[in-house]
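Trainee:
Protein chains: 2
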Amino acid sequence: MATEIGLFEAMYSQRALRRLKPDAVSDKLVHQLIEAATQAPSGGNRQPWAFVVIRSPATKAKLGGWYLDAWNKTYGALSDEQRAQFRGSMARVYASAEYLAQHFGEVPVLILVCLRDAPPPGGFLAASHYGSVFPAVQNLLLAARGLGLGATLTTLHKLHDAEVKELVGLPEQVETIELIPVGYPVGKYGPTNRVPVDEVMHLERWDAAKA
Amino acid sequence: MATEIGLFEAMYSQRALRRLKPDAVSDKLVHQLIEAATQAPSGGNRQPWAFVVIRSPATKAKLGGWYLDAWNKTYGALSDEQRAQFRGSMARVYASAEYLAQHFGEVPVLILVCLRDAPPPGGFLAASHYGSVFPAVQNLLLAARGLGLGATLTTLHKLHDAEVKELVGLPEQVETIELIPVGYPVGKYGPTNRVPVDEVMHLERWDAAKA
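Put into structure tokens, the structure is as follows:
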């Protein structure tokens, strides 16, 4: 892999890409995304993840319908007045999210990331539960960046979770985590808007003078 | 960054490194780790993460004491018979985890990763809550790999969570997520033991023939 992208270049230019071309994404690329995901650490190396790769137009159409319904009931339900308050990058993010909602069923590949374990009853185990799948999700997103693909994290399917699980035949105890649309991007990679390190890094104590 | 490590090389050789040298880790490197973490996506780009960087020997000694106590009450409480059942890589992982427990207070830097948001009351929001910090955690681990540092995820401090929070002055609503020991590794990077992709990838449906 002499010509592969650099690690830091990938991390610093990875961003949500929600406008995707209809061009097919090969099985090989999808396999590379998921293999990269499985390299991530998990608690006790349990590797509790699973990935459902969806290309069927009929299945995507159903998922797209539920996604749009969920969008319309949440972010899409904003008034014109509320929308007008978005400025700059916020306005662009909102527009791209709306575009995705309207074209969700048309993206080449949807990857449903799942946790095979049942969710914990609550308390401090929740962090280690979800902490055993989101590092894999991040590897998948970075791999998409490295392979020239666009992707973004979505959870709106959760408003139709029981129907989604039935559609793809998930056992009861399997939890859906993210539904990731993947395709060749229309837009460009990074940079991203982030708060500076000094505002989130504390030296020794929370209430210490900032770095 | 012409000479930086490749993305896939980093992902495929990142593994938990629990035996760390006492050699100092520079402020610049710690800053690079945390800046890489902050490049990760988060729900609504809220960036709810925070990082407490701990180098003080007194603070590390207290954290190390609580960590060892938690180890002794959990994994360290196994009988000789139970330990003897570990074979191969499992035995090596256990031995390195035990080593870390006994030397936790001596590592050069501890990074306490926190969520500034209060945890959600439960239900499907938990995934998006933790999903807004673990991608950053994975970026931090990959950056450590890329910079030649060793690190691993630990959560045993949770058995003394109230004391940990008081020690570093965390406000009540701030949640501790992972306490990451960082230093130059004694051991070597990857490869890791992972289940093959075909066993965790499902095509179209959960119950479909495997890829």
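Quick note, the sequences are listed as chains A and B, same order. Quick note on our numbering: the first sequence kicks off at 1 and runs consecutively. Quick note on our numbering: the second sequence kicks off at 1001 and runs consecutively. Ideal placement from N, C-alpha and C gives every residue a C-beta, glycine not left out.
Three or more C-beta pairs closer than 8 Å, one from the region 1098-1105 of chain B and one from the region 1069-1076 of chain B: is that the case here?
Mentor: Contact holds: three or more Cβ-Cβ distances are below 8 Å.
Trainee: If the criterion is Cβ atoms closer than 9 Å, does the pair A:Pro22 and A:Gly183 meet it?
Mentor: Contact flag set, yes.
Trainee: Considering only the alpha carbon of each residue, which of A:Val53, A:Thr3, A:Asn193 lies closest to A:Leu33?
Mentor: Among A:Val53, A:Thr3, A:Asn193, the Cα nearest to that of A:Leu33 is on A:Val53.
Trainee: Following the continuous beta strand (DSSP E) through B:Phe1104, name the residue where it begins and the one where it ends.
Mentor: Here B:Phe1104 belongs to no beta strand (DSSP E), and DSSP marks it neither H nor E.
Trainee: In the DSSP output, what is B:Met1090 paired with across the bridge?
Mentor: According to DSSP, which records beta bridges pairwise, B:Met1090 is partnered with nothing at all.
Trainee: In the DSSP assignment, find the unbroken alpha helix (DSSP H) run with A:Glu175 in it and report its ends.
Mentor: Here A:Glu175 belongs to no alpha helix (DSSP H); instead the beta strand (DSSP E) covers 175-183.
Trainee: So, helix, strand or coil for A:Ala40, using DSSP?
Mentor: It is coil, neither helix nor strand.
Trainee: Which same chain residues end up closer than 8 Å to B:Val1168 when comparing Cβ atoms and leaving out the 5 residues on each side of it in sequence?
Mentor: Contacts found: Val1052, Ile1054, Thr1059, Leu1112.
Trainee: From A:Val195 to A:Ala162, what does the alpha carbon distance come to, in whole angstroms?
Mentor: Using only the alpha carbons, I get a separation of about 37 Å.
Trainee: Beta carbon of B:Ala1037, beta carbon of B:Ala1136: below 9 Å?
Mentor: Against a cut-off of 9 Å, the Cβ pair of B:Ala1136 and B:Ala1037 comes out as a contact.
Trainee: Going by DSSP, name the residue or residues bridged to B:His1202.
Mentor: B:His1202 is bridged to A:Val52.
Trainee: In chain A, which residues lie less than 7 Å from B:His1160 when you measure between Cβ atoms?
Mentor: Within chain A, no residue comes near B:His1160; the closest Cβ sits about 11 Å away, beyond 7 Å.
Trainee: Between A:Tyr130, A:Asp27, A:Gln39, which has its C-alpha nearest B:Thr1192's C-alpha?
Mentor: If we check each option's Cα against that of B:Thr1192, A:Gln39 comes out closest.
Trainee: Please compile the residues from chain A whose C-beta is within a distance smaller than 8 Å of the C-beta of B:Thr1074.
Mentor: Here the premise fails: no neighbours, minimum Cβ distance about 12 Å.
Trainee: Less than 9 Å between CB atoms is the rule here; does A:Trp206 satisfy it with respect to chain B?
Mentor: Chain B contact via Cβ: present.
Trainee: Can you list, in chain order, the residues of its chain whose CB lies under 7 Å from that of B:Ala1151, leaving out five sequence neighbours each side?
Mentor: Here the set comprises Leu1017, Leu1141, Ala1144, Ile1180, Pro1181, Val1182.
Trainee: Helix, strand or coil, according to DSSP, for A:Ile34 in the structure here?
Mentor: Helix at A:Ile34.
Trainee: Looking at C-alpha atoms only, which residue of B:Ile1005, B:Glu1009, B:Glu1172, B:Gln1014 is the closest neighbour of B:Pro1185?
Mentor: Minimum Cα distance to B:Pro1185 is reached at B:Gln1014.
Trainee: Determine whether the Cβ of B:Trp1071 lies closer than 9 Å to any Cβ atom of chain A.
Mentor: Chain A, which has no Cβ nearer than 9 Å to the Cβ of B:Trp1071, makes this no.
Trainee: When DSSP builds the beta bridges, which residues end up paired with B:Gly1150?
Mentor: According to DSSP, B:Gly1150 bridges with B:Gly1183.
Trainee: Against B:Trp1049, what residues of chain A qualify as contacts under a CB-to-CB distance less than 8 Å, listed in chain order?
Mentor: Neighbours of B:Trp1049 on chain A, chain order: Val200.
Trainee: Looking only at its chain, what residues have a beta carbon closer than 7 Å to the beta carbon of A:Glu178, apart from the 5 residues adjacent to it on each side?
Mentor: The answer, listed in chain order, is Val113, Val137, Leu153, Thr154, Thr155.
Trainee: Who are the near neighbours of A:Glu106 in its chain, counting only those whose CB is closer than 6 Å to its CB and skipping five residues on each side?
Mentor: For A:Glu106, where only same-chain residues beyond five positions count, there are no Cβ hits under 6 Å.
Trainee: Got a sec: is the Cβ-Cβ distance from A:Tyr12 to anything in chain B below 9 Å?
Mentor: So yes, A:Tyr12 belongs to the interface.
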